[in-house]
Every structure is written in C-alpha cells, then in structure tokens.
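Chains as they are written, first to last, in UniProt numbering: chain E, 1 to 472; chain F, 1 to 472; chain W, 1 to 472; chain X, 1 to 472.
Backbone N, C-alpha and C define an ideal beta-carbon position, used for all residues, glycine too.
Worksheet for the structure shown next.
Number of protein chains: 4
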Amino acid sequence: MREPWDDKPNEECGVFGIYAPEQEVARLTYYALYALQHRGQESAGIAVSDGSTIQVHKGMGLVSEVFSERVLLELNSKGKMAIGHVRYSTTGSSLLANAQPLVVHYQKGMMALAHNGNLTNAAELRDELVKDGAVFQTTVDTEVIVLLIARYYRSSLEDALVKTMLDLQGAYSLVIAADNKIMGVRDPYGVRPLCIGQLEGRYCLASESCALDTIGAEFVRDVLPGEIITIDEDGLHSRQGLPSQKTAVCAFEYIYLARPDSTIDELNVTESRRRMGVELARECPIEADIVIPVPDSGMTAALGYAEESGIPFAQGLLKNRYVGRTFIQPTQEMREVAVRLKLNANAQVIRGKRVIMIDDSIVRGTTSSRIVEMLRKVGAKEVHLLISSPPVLYTCYYGIDTAEREKLIATNMDLEEIRQYVGADSLYYLSDEGVRRALGNLSVCMACFDGNYPAGMPTGAKAKLETCKGKC
Amino acid sequence: MREPWDDKPNEECGVFGIYAPEQEVARLTYYALYALQHRGQESAGIAVSDGSTIQVHKGMGLVSEVFSERVLLELNSKGKMAIGHVRYSTTGSSLLANAQPLVVHYQKGMMALAHNGNLTNAAELRDELVKDGAVFQTTVDTEVIVLLIARYYRSSLEDALVKTMLDLQGAYSLVIAADNKIMGVRDPYGVRPLCIGQLEGRYCLASESCALDTIGAEFVRDVLPGEIITIDEDGLHSRQGLPSQKTAVCAFEYIYLARPDSTIDELNVTESRRRMGVELARECPIEADIVIPVPDSGMTAALGYAEESGIPFAQGLLKNRYVGRTFIQPTQEMREVAVRLKLNANAQVIRGKRVIMIDDSIVRGTTSSRIVEMLRKVGAKEVHLLISSPPVLYTCYYGIDTAEREKLIATNMDLEEIRQYVGADSLYYLSDEGVRRALGNLSVCMACFDGNYPAGMPTGAKAKLETCKGKC
Amino acid sequence: MREPWDDKPNEECGVFGIYAPEQEVARLTYYALYALQHRGQESAGIAVSDGSTIQVHKGMGLVSEVFSERVLLELNSKGKMAIGHVRYSTTGSSLLANAQPLVVHYQKGMMALAHNGNLTNAAELRDELVKDGAVFQTTVDTEVIVLLIARYYRSSLEDALVKTMLDLQGAYSLVIAADNKIMGVRDPYGVRPLCIGQLEGRYCLASESCALDTIGAEFVRDVLPGEIITIDEDGLHSRQGLPSQKTAVCAFEYIYLARPDSTIDELNVTESRRRMGVELARECPIEADIVIPVPDSGMTAALGYAEESGIPFAQGLLKNRYVGRTFIQPTQEMREVAVRLKLNANAQVIRGKRVIMIDDSIVRGTTSSRIVEMLRKVGAKEVHLLISSPPVLYTCYYGIDTAEREKLIATNMDLEEIRQYVGADSLYYLSDEGVRRALGNLSVCMACFDGNYPAGMPTGAKAKLETCKGKC
Amino acid sequence: MREPWDDKPNEECGVFGIYAPEQEVARLTYYALYALQHRGQESAGIAVSDGSTIQVHKGMGLVSEVFSERVLLELNSKGKMAIGHVRYSTTGSSLLANAQPLVVHYQKGMMALAHNGNLTNAAELRDELVKDGAVFQTTVDTEVIVLLIARYYRSSLEDALVKTMLDLQGAYSLVIAADNKIMGVRDPYGVRPLCIGQLEGRYCLASESCALDTIGAEFVRDVLPGEIITIDEDGLHSRQGLPSQKTAVCAFEYIYLARPDSTIDELNVTESRRRMGVELARECPIEADIVIPVPDSGMTAALGYAEESGIPFAQGLLKNRYVGRTFIQPTQEMREVAVRLKLNANAQVIRGKRVIMIDDSIVRGTTSSRIVEMLRKVGAKEVHLLISSPPVLYTCYYGIDTAEREKLIATNMDLEEIRQYVGADSLYYLSDEGVRRALGNLSVCMACFDGNYPAGMPTGAKAKLETCKGKC
C-alpha cells in the first residue's frame, strides 16, 4: 500500500451523513466524500435510505472511481437521507467486504453505519458475541458496533446506542442511517472530529468542515464528546449519550491529517500549522538564507517559520502533480529516481544557499534522507531539517496508521543518529509544549508522542508497552 | 475536454529521446514522460529501437495508465534507444490514431518521430503530397513531416531533414529515432523548448530540463534554433539545419506552461514567475492585508508580490488534490459546487481582510468570477485581482490551445467590463514590458498578447485577423 | 438479465467441495466450477481453508472472468481444502454481496458455506432470528443456514447441522468447509443433485458428475436424500442427518438444466433426453420429411424422435457460437434481427419440407413463434412443434427461475391458443407419463408441471395457488 | 494465440459493406460482423461514410467487445454507407495498428478498405513503393492495396482499381467505401468468397450469405472472380475488372471454415459436409456400434456417415459451451484436464462400444490423441478415427493459418505413424476425389492438400517447396 515516498501517517476514515428529502442526497454525499478523500483512498461507499429501505454502493478505489453518474442517479432516486464513508486500510484487510457503510437488516428494519476511529476492546466484544452464537462476516469494528446495537434494541434506537457506547472503548465517530433518521455519535473523548452543518433548513454531519463548505452548507458546531445527534424531519436533536470526558482530540489532525481549510473544535488547521512554524522559529532559530517546505505537507509551517524568522521563503522543491497510484516503480538500480519522480530540487533556487527545510513529521526517515541528498547534489551549502511536531514514538490505537512501532525511526535512534541518518547539518523537532502552544488551550491526544492514551489501550498492547518503557 | 474549472491555456506536447545501449531506455523514457506529463495528458507513447527494428506502444490517457510493467519490459528488451511523447489535443482529433510517436517503414528501414509544436502550412504541404499520390492515415502534422523526410531521403537522413525544414513553417521541436541514431530538431525561431542532457556518457533530449533531473541526467545545453542534434554510438553531433532566426521562445512557457523547476533557454521558470510577481507589485501597488495565490498557478508570482510589497502572503484558497478526470460533474442546480470541489476558501484566513489575489492568466473568466464570489462569501472586505501576464488577445498557432478567439474574454470586453464580470474591486494585468523585464533580455514570442507572429500564420487565419484588427 | 432469446428456465446454483492437501485445491475447484458453469453465470466464488483460516474470492460474472492466475495461486497457497459456487440470480438481488460461498467467523473458528436450492420457510426463519437480535447482511437463504448452525453449535458441527436441518424446509444441497473438514448435505427429498467423487485417494463433492469427470475424479455415488457426508483426513464418513423422504429429484434437471454428460441419481442425462424423444415419437407420430432440433436444447430429443420414427434428422437451424452477454440489442425496428443473431434457418435444408421441430420446453413462447416464422420464410411446407416435456404451469420454489407464473404461456393459453400464438401447424407436449417413462422408475419432483410440491411451499404462495386452482 | 485444444486452421478475415441511406448502416454492419465472427476474433472495425467524410472505430477483441451502443449511435449519425471487418491474425502482428478497415485521405477525399485474403507478392509491391518515397505504418497487405489505388488514381476510382488488380497476386476479396459509393472486388480465381445481398431496395456485400440472412437481406448472387461491384444511389453496377480465371474457391471453406448455414458459390456448406460424411462411409465402411462426431466441427459429416452406413449416430462427446478466451490454463501436471475442460466423454454412451469418431481435419494431432485416450478410458472397445478431408500437407498462402508446415502432423508422419500417435484402432482420411465428389462439379483450390497453388506463391516459398518435394 505504501509508496516508497509515502512516509506519513495515514488517516483511516472519513464519514458524512445528511437528511434532506428535497435534495439529491446521494450526489451531495458524493461531493462531500470528494472533499474528505484525503482521509481515505482505498474504498468508498454511499448508503441511501427512503426511511425504510436502504440501498448501498461500495467499491475499492477513489470516490471518483467507485461512483458513476448512473449509480448516483439510481441511489438518488431511492432516498431522502444518506450516509457515506471513505476508508484507508492497512494491508491485509484491504477488502471490499470491509468497505463501509455497513448495511444490515435488524429488528426495526434496515440500518447503515459508518465509522471513523478504532476500538481498543473490539476483540473482546467480538469474542463475547461469537460465544453467544453470533457470526462475523468482516474484520472491521463497525460490525461489532452494529451487532451490539441490534442486540440492545428494544423500542428505541437511541437507548440501544447508549447501551452500546457503554461497551465501546477507544475512538469512534459514527454516522448512522436508520429508523427514518440520521444519527451522529462522537466518543466521550472526542478523539476523532465530527461536525454539524446546515443546508437550506436541513442538517448534515461531516468528519471535517471542508466537506460542509464544498456542498455549500453552513457550519453549525462540532459534535460534543459523548454526544448523540439525531437529525430527522423535525430538525436537529441532541442527547448526551455518555458524560463527556476530558476532551482529547487528535493532535495529528492539526499537524498533518486534516485538510488545511478545515476548522476542528474551533481551531483552524491552516492557522494551527502556521503557528507551529512560528513556534519552531522561536524554539530553534537558525542563521540561513532560505526557508523551504517539503511540499505539500510542510508548506504552512514553513511560511510561519519564514514570517517569524524573517528568512526568505522559497520554493526549492517541486512536486509532480501527476504522481498516481498505478505508477510503475523504479527498479533497484533506479531507486534514486523514485523520490525524484515525486519531488525535484530546483537547482537555481538552492545552489550556494544555507537551507532550512521544514516538514511536518518523520515516520521512517527514508524519504527525508533522499531529499537532503538531493538538495546537496544541486549545491545546498547547509541543510537544516526542522520538524513541526515531536518524534513519533508510540503506535496510535485510535485509527491512524503510523507504521508499526519497530519501523518508527524515533524508537530506534536518538536525535543525533537520526540527524546522521537523514544527513542534515542539524535536526530539530518541535517540542510537545510547542505543539500545545500552537494549538492554544485545546485539550488534545498526543499519545503517539508521549504514550498517554486517554481512551485506553488494547489489553495485549498495554503489557508490551510497559515492558519496553524507558528504553524507547 | 475542458473541465468547468479549466480556464488555462493547454500545452499540446512534450517529447523525449535517449541513446543509451547500456540502460533500460524504455523505462528511462517512461520516467522522463512522467516528468513531462503536465505538457499533455491525453495520450502517451514510447518507441524503442534496436538500431533497425522499432517497436512502439501508445495509448490514450496518462503515462501511468498507458504503460504497464509488462509493456516496459517488452519494450526494454528491444532496444538501445528510445523516443517518447505526451500529447494534449483539442476535441475531435483526440484519437488513438493521432497518438505519437509515429512509426513508419521508409526506404532506409524504420523511423519513429515525435513532434511538439504546430505547423502553419501543414494543410498546404498535405495537399501537395496527396496530389502526388500519397495517402494520410492521421490528421497530425507529424505525418506530413514523416512523408516529406521519406520523399527527400536519398542517402542521408540529415540531408532529408534539412530539405524538410526548408518546407516547414511554424513551430516544431522534433525527436527522431532512425538509422541507428536519435535526432533532435528545433525550428529556426526556437518557439518550443528542447534541451540536451548527459547520463553516464550517453546523451538524451527533452522538452524541459525537469525531465533530465528526474532521470538523473546532467543538463548540457539547450538545442539552438534551427539546429539538428544527432546522438549515436560516437556521442553528440551538431549541425545547423537552417540559419537561426531571431529567437522567439514562447513567453507562455514561463508564465504558465512549463514546470517551475525547469530552466528554459537559461532562464529558470520559478525565478521568472517570482520576478513577474515583483514587476506586478511595482506596476500596481495596492493597500491590502494579505496576498493570496490562486493555487497552484499563481503561487510563485504571489510570493514575489508579497516579497516586493511587504504585504503578508497567506493561503486563502485550498486546492483539492484528488480532483480527477473522471469526476461526475455537478448538475446545473449545483453549478456552484463545481469550483468549490477544486478550490475552497479558508474563511478564517480571509474574513475581514482586504485581499490581493494573484493568478497567472485569465482565458474565459468564468472560474475567476466564481473564486471572487467565494472570497466575498467568506467575508473578504476587498478583492483585488492581479494577473501576472497581459490579456490574451490572439490565438496561438504554435502549439498551445488558448481556446478559440471568440471565447477569449479579453477580445470581447475591455478592462472595466472584465473587472465587473469577475466582480473584483480592481483588476490589473501585468504589462508587456513587465513580462519582458521579468524575462530579462530573452527574445520571446508574445503573439498571443500582441499579435506579432514571428514564425508566420496560416494563410486563412492571416486574412481573418486583418479584418478584425483594431476592433479587438 | 434475460436476453430476448432466453426463454428457458434458469438453474440457480452449482456447488463443489474437495479435501485434498496434496493437490492444488483452488485450481481443481476452478476447473470443477468451469464444468458447472451452465448452472449459474452471474457470480462465482471459491473459499480455501488450511484447516483453520479460510480465504475467499468472489466476483460477478463467469468463472473465467472472476478468477485470475494470480488469485488462484494466492488461494492455492492457503489451503488443503476448498469449496466453490456458481450462481444465477433473478434481477434485483444480483449483487456481489449475495455471491457465495458465504464465509463467517463463528464459535469454532471460520466456516464457508455454499448452497444450491431454495428454502420455502426462509422468511419465517429470518424473522425469528432478527427478533432475537441477529442482523442480516445479505438476502440469500445461505445466511439463514449459517446463522442457525452458529446458534446451534455446542461441541459438534454435525449435531448443529442436524438441528439446522430440522428447521429447514424446501430444497438444499450444501457444501461446507469448517472445522478442518468438508461437509456435504442433501435435503430429505433430494430435490437438487449432489454426488461424491474420488481423486487419488481423496474425496470431493459436486452438483453434477461432469465436474468429477473434468478434474479426473472417479464417480463414487450420489449423496442420499437427508444424508450428511463428511470428508476429512481419514476419508469419507456418512451420517443420515434426517430420515430420507420419498425421493423427489427435479425432473427439469433431466429435461433441460443438467449437462448432457452428467449422470444424476444413476440416470444419464443424454440417455434420458433421447428417451423423451422416443416417447414423443410414440405419443405423437407425424408424417413429415425431416426432424430438426432447436439447438442446442432440443438436440438429443430430436435424435431420439428421428431414431424411433425413422424420419431423417437434419440441422435446419444454426446457432451462432459467439452470442455473448454484452451484445448490443437490436432496436425496436430491428426486433426480428434479435432471434436471427442467435439462430439462422438453413434455407437449403428446410425449403419445401414438412418439418418436425423438437424443443425441450416453452416458457413464454416468444422465441418459438419467431423460429416458426423463420422456418416458414425459408420455405417450410409444414412446421410441427413438439416439446419433450409437459406445459410449465407452476412456479418452482426449489431453486429454478421459470419466470413468474403470469408470464408462463401455458397458464394463460390452452393448447390450441399456444399453437396459434407460435404459428405451428401442430403442437404437442410430451405427457407427464411420457416423462416418467423416459426417466425409468425414478421418483421425481414434477411440481412445475403438476403443482404437487413434495418439499412444501412458502406460506403465502400456498394460499395464492389455492385461489386460482382450476382456472389455471 | 492458439489454445491447447485449438487444432484447427484459422480463417483470417470477414468483410461486409452496405449502401443504405435510409437505414442505420453502422448497426446493420455490427450485426453482419456478428454473423461473420467465426472468420476472425482478434479485432473488429466499422467505417461509416456520409459520402465524403469517413469515421472509423476499431478495436482488439470480439465484435461485442469492440463496440458499445454509444459508439454505434455516434457512427450511425455519420453515414449512409458502411464497411466492416473482423480479423484473425497470427501472433506478432496482432496489433491494433493492423486492425481494419484501413481509412486514409487520398486525392479524391477519404477511402476505407477492408480485405479478406492474402497477397503473394505483397513484399515486392511494398519494396517498390518504399523505394519511391512511400512510408508504411502497418504490416498488412491492405495498406499496399490502398497506396496503389491512391497512386493510380486519376479521375476514376474503378480505373485505379483495375490497374491495382493488375499488380496484385494471390487471394483477395475487398470491400471499399469511397467516392460516395461502396465497391466490392473478388480476385480472378475467386479464392475467398464474397456475395451480394439486397435489403429494401439497397445492396450490400458479405463474405458469407449467413450475414445476409442475419440482417434480413435477400441473397442476390455471388460476386464473380475478377468482378468489380459498385453500389451507389443508382443501385448495383458490375464491371469485369480482370478476366475471370478458372475458379478456385477454397475447399477448406466447405470443410471447416464457413458457417454451416452459408451457401458459397451456390453450394450449401451443411449439405457439402453431409456429403463428405456420405463419401467417407462409401470409401471407408467399418463395422461398429456407434458413429460420434468431435463437436462441433465433425457434427454434420458424422450425420452423413451414420445416414449412409446405417450405424446409429450418438453424442459421445460433450462440449463445454462456456470455454472462453481468458481461461486459466492447467499447469503441466494437469495437462489432461486441458482437453476435458472443453470436451467430456459420456461414459454411458461409449462404454463397451466400437466407436467411429468423425472429425473434419487434423492439423497437429495433439487434441485427437487426447480425445481417443479419453474414449478408451470410459470403456470404448474400439476407436476408429475418420477425417472428412485429406491430410493437410502444404501451407496456405491465401489467407488461412494452418500452422507452420513443420508442425503439420501429416508432413512429419505417414498414415500408420499418425494412427499410432493418436492411438486409434484405425485412421482414414477422405480422398481428394472424395472431397471433389462431395463438392459436386465446383472448381476448388485444394493447395493445402495437393500443393497446386492456382493463384501463385510467394517467390521465396516456391524455392523452398521445390527443395523438399517428394519427401513430404
């Protein structure tokens, strides 16, 4: 799944839901998923409901590959509400069977559910259900949630949902179409984002506000941690499903994952990235000729660094906009070509300069080392690599694929070793405090940097972490 | 072919050629075409020669779609030299039959030819050949060139090429594989770029230097106007095919078409664009809060404007990186969504600000007007639209698709009318002199701005232009 | 789904299972499904088990379209046993989600199940399970069976299977991979076929013996009605799951559905069809010049008629072997072309002749009428249409799609009306007794002809039938 | 290209042309090509003309794969006449570039040409043209013909065609769309078939009469050897282009290639095959229990043999109707499966019997030997293989791919050796005289049996044949 130049954490999902009988709900969901495409590129799905029957279309690939005009028209004709999902998945479970939304027949009729996040007790819940005679057809957490809701259902879907939330541990933002309404749920820590929009008097839910902008909906507010939102013919209803815990929205959404034009929990992503650049300039001032970003991820922080430091910003690296997924990999002999196909150093900008290069994160370090080498080749006098976040030391259990712990460069090398590995003249990571300052007084999850998991860990994982603590 | 948001001129081709028996020539050509993909996205082709037999693979679509590993291996096994081509084409002639390189059997064996540019006397040449019993299987100029070479061939391919050049009018950069060598030709005005690279003692030719960087070749020099380059077992040979005319390299390559990391005729594209931004700031200083680019095309000029004016640069518009070609178009009712799917205004950056927005050109004006509207909607106090090139008033006959003359906004409206149409508070185009200053003392073709066609015009077109002169 | 010329009942499924650790089980299953392709062309699937983990690959289309060499190699590497399924489905539920085998995680690990047949109480069983908190992800009976097995499972899969069989009504031939073994089940009436083969000391199960022949397995015997077959490391085991009822194997398997080279319940299909032709000649002797079949379905019966009557057999109709599924339908104006694309009358054979044309069945009658017209056009003096089975009057509830009852020509017209509709000089259907004589003393289900449903009917259906009895 | 079971000669092309302004000419051509699909399955093309402009669509694969409804509608809207082509091609030149019709611009405008047959002097003609400055873009004979017509063209297309025919040697049936008319040409020996049909007052041309039947056209007559047919607004015109030679229509069209329902040069194909079976029974009477065909090719001859001999005809071998081109080949270990996937012996028919098996030809013998083995395995007491044509000893230079001479079993083994190789109890080939008797007094080309090439041979080939004469 990972390209040779892909050395970034991967978001695992994006969700959307809308109740709007007067609108083409499938088409709106399609455009919303388009805006959320950065959150998952491996599969996409839309489920449309007319209040009782639900029709779903799912497929592997990008939103634009999975849906055709014919499919959208077919779906549109079926409904007054819709939910949608885009998914990134780690190798192995990258199957169509695991694509979402998951649609089932249960006691009250049909239900469609889409999930962003990751449960830490999914295995335990699954085992209990199986012991009780249940069967599982997929390997996704979503199926566990759906089976629990179906079993807890007596007369009210909301009540069944609250009971289910009591069982779930970990991170989850859900959208559900069932029982003639759309529902949205955010876990009690609010790890994954979810917000509410309004479009011509009707309501919708989206992982990020950029999806609301795209379909022309007004941003209303973020869903609160532990809150259950219900959208139906009468409008928007709220119920606190579980008491809200100390909010712990994922810091990496701001650092890298979310789209720059989104605003999550009232903090704009572009602004937070710019501030990380500013903090970086304050923590690590360097005498240099130019500040360049690693495009596109280091762009905003580099502008912030340049602004704060007064050192000119320049475009020293150029990204090929046509790099696609079906690209033929260079052979072993041509491995240097691999990075140059995506990024090229502009010799005329770099030659003879002392360069500060800003990136948002380093996961395995291979790409960074090749870029530094590229800059030196075209004549950079010095290369200083500054990262706008702390070293990634711990696995994320809340829905982000950061690569396995053993492959994280920062768990295997200390700062000086990493500097040597990437070949930079100096290397600096923004401090935890720097990130927190940049994010204002927002209460965030920084487990991948500090190992403090607010919403719990899988049982097995906990033991393992304790063993190695201190050494890593 | 044109998407609703596609309001830019389109390059019509990119070419590459390499002689390197020790290398995987098809694979290198593939990567070079990848780097030249911005010059044409409708078809791609690679022809490989073992010195006598030539094998070709062509297809509709992106380089990554047309070639598979299997095809590359098959091609590689066949050769010691290769040429490649990417093509953009206007509607109607967008056929596989027109894809290049064109491969033919002629007196001396096989020949493959790839062409970037446009002949102004192709129709006349074609008519003469047909009268003489020739048949044409395609509608591309390339076939005219190939037939002329075959007819002029006596004992030397170079001589036949010189005779052919005497017949050709207009713009052409050619790469040819024939007679156990690779040849490159640039028309006497040097309208389209073509440069020479060196890779482990062997030579190659490319439309832009970024292709050389990508495959790890050293830039040697640009091919001179009217020069014929021959690359064979003995290295690089030069012959002045026709006397060089006053150079007239296309100004639009610098303004928009070429990749920012390329250097054409010794001027770096990023640097030239930055200088256009600087010139814009000098010609049109405005009191404002932020300078924002229309991504990606206005990026570098906006940085130049911000640098020269001291007004902060900001990312006020965000581009969706996943907008693909197979995208389902919004319906008439959702037309506003069309632009927002590609570009979204970041309200938190824009709200309450006086905004200078920089773009490189306006062709039809529809996209500009929607972006301005979008900025106002999220609270921009003022929007000033500054264009880093003069108004496009004339059709290009040298290989760029600028849309038909009647559809060019600047031929139909004066400056104030355009300002009202796009809805900006003010509108300014960089002057011809400003462009020339930014391009240093380079002698360029600016026919699309000033109507002076250095390499001639088609007969019919000339008459038409004279009729309307003064009014437009 | 139905082509204009498709006027035959459609089989709904074919199944196969094999336990053979020394063999490439996925590849053998692939070839077996190839041989069973006539039983279902809409989806295909293979599930492979290594004794604990099961991997499955399913897709829409023909076996040759669904599987690639890469997929087979991947599956092969996973297992020592496999089951496979081909499926025909009626419009509407023709979804990938409904493709089989169905693979689930249950208490004892993983289980894959493939089903041929149709339950008459599936809706009731489904309702009960849903009331008890279960959810359904598909609309196929198979999911009901799997959930029952999982719920009944205590310590033995066989016991759970027996309990499940007690709940099931209707027709079912199942193959199951679970618990380190392959199991096969046939309902107590033996409506759908299932037989046992032996290959190099290992055992397999198949819907028809032609699949055994194809992979080189020896035919062992048919599975008995109500019998549970288990195949594991120790060989073949049998247990009578439910007491066998009066056997009622489907007569239509012999008349049309099964492959001519298969032998089902000890009666060869080709032989049974030949005998139907013989019976037809005895029941309905006609003075004529030639006997021609409607290819391919009337072939064998026509040979039998010719043999018994002494009238020469001739090939008066020619079938186009390239008629595919993606064929572009003729427009309304060209509707006559539709049948001629598939069948063409050989004028030189037909002209001036009194023709006996033999077909195996008429469902809606449209195709028959066009063929008769075609024969007259090329000069047939008389056309006598003889059908080697009785009129189809009743819907099949046991897994065959005979078209809806209202569309069956024989429920709407009497014999003389049908004769006029198809335009034949005379029309004759083989009698029920004729079919029974041709099938020897085999006890068969002839519900579609006589309305006697040995394995029960769906509750709703029963009422409906009673209402209309006598009139139809 | 050849499947393991493909041991038959392959036809190389089928052509069709129609002039009918009132009709959907592209759609009619599509259906006609459908009926001619057996003559070529590797590429298909349709060119439509409005009298001046010609539009063409070509692709690799079956007619049903190459054309979509959208393409047909687009083509239909363009024209009042059309020509079409289906092509089989030998490996290597199986390229889209070689697909037909070939469409060119020449002096008089546009021309489309489709060709069935093979020139024996194509290489010489091509060399001469190239020496004169022409270039070739394909490797098909058709391009040679087109260039000659263009060069000879002065004021009349018919005259240019006659001059071209004077240059051509070998076999050719052509259809041409040019100059506001459709033309058809058959070489002076009439080696390949071509016939004329009438549809609602308009005329059309087809390789075989089955294409006329399919679109509902009346058969008018065969095109005469050397005749040029012109079809235009005024109807049908004939001109004898070259004096007709002693007719030499290809005997293999009757033996195997043509569709059974076609009538070529006034002899029906089914009838000729039946007579070959009758002749076989007279030349080689055998005491046996049953006569079985190798389906489908031996079917009609087997019926003839059974009729003449009085030995019962039986269906001992069953062909799988779903064997497709994308089938995954069995591995080396499973090679026996390869033939069984296509053909299965019906044990109940064969067991204990003395079997006469009829096939139309043996090319390499591998399939025959596997079928004989299969029959013995299911209990055949004796197997007698009778072939309804003489041994294939010579390469066809007139457009049929019979496999290379060295691979023809009959050039490498004598009768007894072949019998041993295929494992039959006896083997008999119908004599040359037997074939001639079956074909009545038709004058045919039997070069592949007797080495007498009526329309000449390629220069090189002639020498080679002389060398080996006598030994083979």
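Original post:
Along the chain, where does the beta strand (DSSP E) that runs through X/T230 open and close?
Top reply: E227 to D232
**OP:** Consult DSSP for W/G92 and reduce its assignment to one of helix, strand or coil.
**Re:** Interpretation of W/G92 is limited by its pLDDT of 38, a score under 50 that renders its predicted location unreliable; the figure taken from the coordinates is listed afterwards. Note: W/G92 maps to coil in three-state DSSP.
**OP:** Decide yes or no for the touch test of the stretch 14–28 of chain W against the stretch 65–80 of chain W: beta carbon pairs closer than 8 Å, at least 3 of them.
**Re:** yes
Original post:
Can you check whether the CB of F/V175 is closer than 9 Å to the CB of F/G241?
Top reply: no
Subject >> Contact list for residue 480 of chain W against chain E, beta-carbon separation under 9 Å >> reply: With chain W covering 1 to 472 only, the question about residue 480 of chain W has no answer from this structure.
**OP:** May I ask which residues mark the beginning and end of the alpha helix (DSSP H) holding F/A123?
**Re:** A122 to K131
Subject >> Length of the line joining the Cα atoms of X/A258 and W/L385 >> reply: 29 Å
Subject >> Contacts around E/L129, its chain only, beta-carbon distance under 6 Å, and the 5 residues preceding and following it disregarded >> reply: L147
Subject >> chain E contacts made by the stretch 332–349 of chain F, where a contact means CB separation under 9 Å >> reply: E333, M334, E336, V337, R340, L341, N344, A345, N346, A347, Q348 and V349
Original post:
Does DSSP put E/V267 in a helix, in a strand, or in coil?
Top reply: Position check: residue 267 of chain E holds Leu in this sequence, whereas Val was assumed. Note: E/L267 maps to strand in three-state DSSP.
Original post:
When the cut-off is 9 Å and only beta carbons count, does X/V355 lie next to chain W?
Top reply: no
Original post:
So is E/T91 in contact with chain W if we call contact Cβ pairs under 9 Å?
Top reply: Any reading at E/T91 needs caution, since the residue's pLDDT is 40, under 50, leaving its predicted position unreliable; the model's value is listed next. With 9 Å as the cut-off, E/T91 does not count as an interface residue toward chain W.
Subject >> Validate contact between the stretch 205–220 of chain X and the stretch 252–270 of chain X using beta carbons, cut 8 Å, 3 pairs >> reply: yes
**OP:** Have a look at F/L280 and F/S388 and give me their C-alpha separation to the nearest angstrom.
**Re:** 7 Å
**OP:** Note down the Cα distance separating X/F449 from W/F252, rounded to an integer number of angstroms.
**Re:** 47 Å
Subject >> Exposure of X/N344, with buried meaning 16 or more beta-carbon neighbours within 10 Å >> reply: buried
Original post:
Between F/Q107 and F/M165, what straight-line distance do the alpha-carbon atoms span, to the nearest angstrom?
Top reply: 19 Å
**OP:** Determine the extent of the beta strand (DSSP E) in which X/M81 is found, giving its start and end residues.
**Re:** M81 to R87
Original post:
Cα separation between E/G17 and F/G379?
Top reply: 27 Å
Original post:
For the stretch 260–293 of chain E, which residues have a CB atom closer than 7 Å to at least one CB atom of chain F, in sequence order?
Top reply: P260, D261, T263, N268, T270 and E271
Original post:
Would you say E/L168 reaches chain W, if we count a Cβ-Cβ gap shorter than 9 Å as a contact?
Top reply: no
**OP:** Could you name the residues of the same chain whose beta carbon sits closer than 8 Å to that of E/A99, not counting the 5 residues immediately before and after it, in chain order?
**Re:** S43, A44, G45, K58, G59, M60, H85 and R87
Original post:
Is F/G184 helix, strand or coil when you go by DSSP?
Top reply: strand
Original post:
List, in order along the chain, the chain F residues whose C-beta lies closer than 9 Å to that of E/G216?
Top reply: M334, E336, V337 and R340
Original post:
Name the chain X residues that come within less than 9 Å of W/A150, Cβ to Cβ?
Top reply: Going along chain X, no residue has its Cβ under 9 Å from W/A150, so there is no contact; the nearest lies around 34 Å.
Original post:
Going by the beta-carbon positions, is the gap between F/E283 and F/L430 smaller than 9 Å?
Top reply: yes
Original post:
Three-state secondary structure (DSSP) at W/Y322?
Top reply: coil
Subject >> Among W/C204, W/V71 and W/V339, the one whose alpha carbon lies nearest that of W/L318 >> reply: W/V339
Subject >> Reduced DSSP category for F/N118 - H, G, I as helix; E, B as strand; rest coil >> reply: strand
Original post:
How about W/Q55 and W/V48: are their beta carbons less than 9 Å apart?
Top reply: yes
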